[in-house]
Amino acid sequence: MYSMTLAMIRNEFRMLFNGLKRTVRTPSMLGFYSVTIVGSYALMRVIGGIVNLGPLTDSLLAFVTEYLPTQSLYLVFGALSAAAVAGGYVGRGPAAVLEAQDEHLLMPSPVLPHQVFLSRYVRRIVRKAVILSLGLFVLSPLARFGQALYSWVLVLVCLVLFLEFNYALGGISSQVRHRLSKRYSTPLRHSVVMLLVAPLVLLSSPDALSNVALQLIVPSNAVVSLLLVQLGMYGYMVGVPALMIFIVEVWVIGLLVLALLCDSHYYEVFSVALSNESSDAAFSRLFRGEVDFSRSRWNDPMLWIVLKDFWIRMRSPAQVWKYISVAVSTLSVAVLFTIQPAWLPPFTVPDTLRGSAVPAFLLMLLVLTQMASMTSMLSFVDEKDNVYLLKSAPFRNMDVVLAKYVGSLVEVSLSALPLYGFLLYFFRVSGSGILIFLGLPLLLVFCSVGVMVGAYVPVFTSNPREPPVPLAFSFPAINLVLGVFIALVSVVFADDPLIYLILPGVTTLIVGVFLLASVLALRSYM
């Protein structure tokens, strides 16, 4: 059994290594990741050269020390663990690490459920470690111009392990629900979630914190103590290494307990979740000409497709959280511009770098727009295999393309507006209030490029679920060229009244060309 577990873990490492080799040997994939990583690193160097982060970190530290009680931090982290338990109770638990092909490959094979879980989890944690390392590499230029980031590396690792421990708590809570459901049918069995959540909140309360031992044996309290020690706000009798070792230990214990609870029901939960996802195919009948618009309030096919896409996206919890985050971010921007707190001032651009401030502002505007518009590339990819049914539906190709474009534009605009607000507040340069309006043509153009790239995915591959890497690479490359072109047009004609005609005309022409290309792509579907 032990050797089988190690063999499966070795297979996971082998698959990760094979994926790395494929990335290195494929020019398009290597170019895509190289441009993304090197470009992000270069952008951080530009930001670090223009902005001094020292005053900002000092202001934030002073604000946390003066206005945020330490007891509140303990309660917040305790609430995170409690939320993980409550969310895991109604979620899929450890079955979330399984993939669709596992139902046909690993489940029928002579391996135990906990071995499948551990092998899949190892791959998950390795990927997170790589992402964390790349993130630290990209942010490393900022360490030269503000508070050193390298001293926080171990703290970030402990935070990630704490979140992974919360994942284990959620998985254990899910297993408790499934075992209770097998034995009892009364709705009162769900009250056990209160028994699981209450101790986590009570152990983080101010009364419990008076006991020094509880600050060690409760993981959320240990993480907060570690953060306070690192911030210099808390002289603690136990050193940082002891707190880190304890966090690592509780993560390992939580992971092993979750692995021991995995049984045959582990596969059943995944199969049920997979069948629920496959119910999306029920929409296929709507694309076979069975839609009777005479009985619908929405007689416009384009509007019907937009609403259909909206309600399909709303079935994902991530989409709900996205709208919540957009609302919170927008409210935060409004509060910043209204109150303008002294503890969070805008960045101050040195006089020697004011000449490069405007190009840096435009570059950041371009990058933020690109980040927000990534979802537009998935406008057709999210249809999965139904994209061919959409093509054969009683809709005109132009209606389909316009519906995807309008829906993507609304989604991207919701994501971009808070980002623009934060950029305008923190990075104030000469004319930033006017330059920020360049985000509108950038949004219009980038969304049209994303729709065009997504429309060509079924043309180049028989698997419309995954866009080919060259197409995915072309999306930011095309946007970069067009963004620079629009910025140049704006700079060249900045003092000419014709800019009010030239810029809308150029934007309309570019959008029209890419939407026409999307229509041609729809006609190319086999």
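This note's numbering puts the first residue of the sequence shown at 8, with every later residue one more than the last.
Quick reminder that beta carbons are idealized off the backbone N, C-alpha and C, glycines included.
### Query
From T337, Q122, N228, L143, pick the residue whose C-alpha is nearest to that of P206; which is it?
Translated into the one-based positions of the sequence shown, residue 206 becomes position 199. Residue N228 is the option with its Cα nearest to P206.
### Task
Could you give the DSSP three-state label for A220: helix, strand or coil?
Taking the first residue of the sequence shown as 1, we reach residue 220 at position 213. Of the three classes helix, strand and coil, the one that applies to A220 here is coil, per DSSP.
#### Entry: Own chain, CB closer than 6 Å to M15, minus 5 neighbours either side, in chain order
Mapped onto the sequence shown, residue 15 falls at position 8. Q122, S126, listed in sequence order.
### Message
According to DSSP, simplified to helix, strand and coil, what is S192?
### Response
As a working mapping, residue 192 is identified with position 185 in the sequence shown. Three-state result, S192: coil.
### Task
Check the C-beta distance from F172 over to P226 and give it rounded, since I have them as a contact under 8 Å.
One-based indexing of the sequence shown puts residue 172 at position 165. One-based indexing of the sequence shown puts residue 226 at position 219. With 8 Å as the limit, F172 and P226 qualify as a contact, their Cβ atoms being about 6 Å apart.
### Query
If you drop the 5 nearest sequence neighbours on each side, which residues of the same chain put their C-beta closer than 8 Å to that of I443?
Translated into positions along the sequence shown, residue 443 becomes position 436. Correct list, in chain order: L372, Y427, L430, L431.
### Query
In terms of residue numbering, what span does the alpha helix (DSSP H) encompassing S415 cover?
Working through the sequence shown from its first residue, we reach residue 415 at position 408. Unbroken alpha helix (DSSP H) run through S415: 404–433.
### Task
Taking only the alpha-carbon atoms, compute the straight-line gap between R17 and K135 and give it to the nearest angstrom.
Counting from 1 along the sequence shown, the entry for residue 17 is found at position 10. Counting from 1 along the sequence shown, the entry for residue 135 is found at position 128. R17 and K135: Cα-Cα distance of roughly 18 Å.
### Query
Among residues of its own chain, excluding the 5 on either side of P448, which ones have a beta-carbon nearer than 7 Å to its beta-carbon?
For the purposes of this step, residue 448 is taken as residue 441 along the sequence shown, with counting starting at 1. For P448, where only same-chain residues beyond five positions count, the Cβ hits under 7 Å are I493, L510, T514.
### Under the three-state DSSP convention, the category G438 falls into
Start at 1 with the first residue of the sequence shown, and residue 438 comes out as number 431. In this structure, G438 counts as coil in the three-state DSSP scheme.
#### Entry: Segment contact flag, the region 340–357 with the region 484–493, C-beta cutoff 8 Å, min 3 pairs
no
### Query
So is S422 buried or exposed if we call it buried at 16+ other beta carbons inside 10 Å?
Indexing the sequence shown from 1 puts residue 422 at position 415. Label assigned to S422: buried.
#### Entry: Distance between Q377 and L495 (C-alpha atoms, nearest Å)
The residue labelled residue 495 in the question sits at position 488 within the sequence shown. The residue labelled residue 377 in the question sits at position 370 within the sequence shown. Using only the alpha carbons, I get a separation of about 18 Å.
### Query
Quick check: the region 327–342 against the region 451–467, are there 3 or more CB pairs under 8 Å?
no
### Task
Report yes if the C-beta distance between F344 and S439 is below 7 Å; otherwise report no.
Counted from its first residue, the sequence shown places residue 344 at position 337. Counted from its first residue, the sequence shown places residue 439 at position 432. For F344 and S439, no; Cβs fall outside 7 Å.
### Message
Helix, strand or coil for V118? Go by DSSP, reduced to three states.
### Response
In the sequence shown, counting from the first residue as 1, residue 118 sits at position 111. DSSP places V118 in coil when its eight states are reduced to three.
### Query
DSSP state of G246, grouped into three classes?
Position 239 of the sequence shown, counted from the start, is the residue given in the question as residue 246. Of the three classes helix, strand and coil, the one that applies to G246 here is coil, per DSSP.
### Query
For A349, which of P425, S188, V333, F433 has the nearest alpha-carbon?
For this step, residue 349 is matched to residue 342 along the sequence shown. Comparing Cα-Cα distances from A349 to each of P425, S188, V333, F433, the minimum goes to F433.
### Query
Near V204, what residues of its chain come up, given a Cβ to Cβ distance below 8 Å and the 5 sequence neighbours on each side ignored?
Numbered from its first residue, the sequence shown carries residue 204 at position 197. Counting only Cβ-Cβ distances below 8 Å, and skipping sequence neighbours, we find A89, V92, A93.
#### Entry: F84 in three-state terms, based on DSSP
Translated into the one-based positions of the sequence shown, residue 84 becomes position 77. F84 falls in the helix class under three-state DSSP.
### Message
Less than 8 Å between C-beta atoms, sequence neighbours within five positions excluded: which residues of the same chain meet that for S481?
### Response
By one-based count along the sequence shown, residue 481 stands at place 474. Answer for S481: V460, listed in chain order.
### Message
Taking the alpha carbon of P483 as the reference point, which residue from V498, M384, V518, T30 has its own alpha carbon closest?
### Response
For the purposes of this step, residue 483 is identified with residue 476 of the sequence shown, where counting begins at 1. Ranking V498, M384, V518, T30 by Cα distance to P483 puts M384 first.
### Query
Which stretch, first to last residue, makes up the alpha helix (DSSP H) that contains S525?
Within the sequence shown, residue 525 is the residue found at index 518, counting from 1. First-last of the alpha helix (DSSP H) with S525: 506–530.
### Task
May I ask you to report which of helix, strand or coil DSSP gives C269?
One-based indexing of the sequence shown puts residue 269 at position 262. Of the three classes helix, strand and coil, the one that applies to C269 here is coil, per DSSP.
### Every unbroken beta strand (DSSP E) inside the region 303–356 [3 residues or more]
none
### Query
For T193, is the classification buried or exposed, using 16 other Cβ atoms within 10 angstroms of its Cβ as the cut-off for buried?
Looking up residue 193 in the sequence shown gives position 186. Answer is exposed; the Cβ neighbour count stays below 16.
### Message
Let me make sure I understand the geometry here. Which of S47, V264, W311, V408 has the alpha-carbon closest to that of V145?
### Response
As a first step, residue 145 must be located in the sequence shown, where it is residue number 138. Of the candidates S47, V264, W311, V408, the one whose C-alpha sits nearest the C-alpha of V145 is S47.
### Task
Indicate the three-state DSSP secondary structure (helix, strand or coil) for A205 in the structure shown.
Position 198 of the sequence shown, counting from 1, holds the residue named residue 205. In this structure, A205 counts as helix in the three-state DSSP scheme.
### Message
Let me make sure I understand the geometry here. Which of P148, L143, T382, G95 has the alpha-carbon closest to that of R52?
### Response
Taking the sequence shown and counting its residues from 1, the one referred to as residue 52 is at position 45. When only C-alpha atoms are compared, the closest one is P148.
### Query
Going along the chain, which residues of its own chain have a beta-carbon closer than 6 Å to the beta-carbon of F290, five neighbours each way excluded?
Within the sequence shown, the letter at position 283 stands for residue 290. Any answer about F290 is weak, because its pLDDT of 43 lies below 50 and its placement is not dependable; what the coordinates show is given next. Here the set comprises nothing.
### Query
So is F311 buried or exposed if we call it buried at 16+ other beta carbons inside 10 Å?
Numbered from 1 along the sequence shown, position 304 holds the residue referred to as residue 311. Checking the sequence shown, residue 311 turns out to be Trp, not Phe. It is buried - the Cβ of W311 has at least 16 other Cβ atoms within 10 Å.
### Beta-carbon gap between V162 and Q237 smaller than 7 Å
On the sequence shown, position 155 is the one that residue 162 refers to. On the sequence shown, position 230 is the one that residue 237 refers to. Contact: yes.
### Task
Could you give the DSSP three-state label for F482: helix, strand or coil?
As a position in the sequence shown, residue 482 is number 475, starting the count at 1. Correct three-state label for F482: helix.
#### Entry: Cβ distance (whole Å) where S535 is taken to contact G85 below 8 Å
This structure cannot settle anything about residue 535, because the visible part of the chain is limited to 8 through 533.
#### Entry: Nearest residue (CA-CA) to Y128, options L23, N218, A49
Here residue 128 corresponds to residue number 121 of the sequence shown, with the count starting at 1. Residue L23 is the option with its Cα nearest to Y128.
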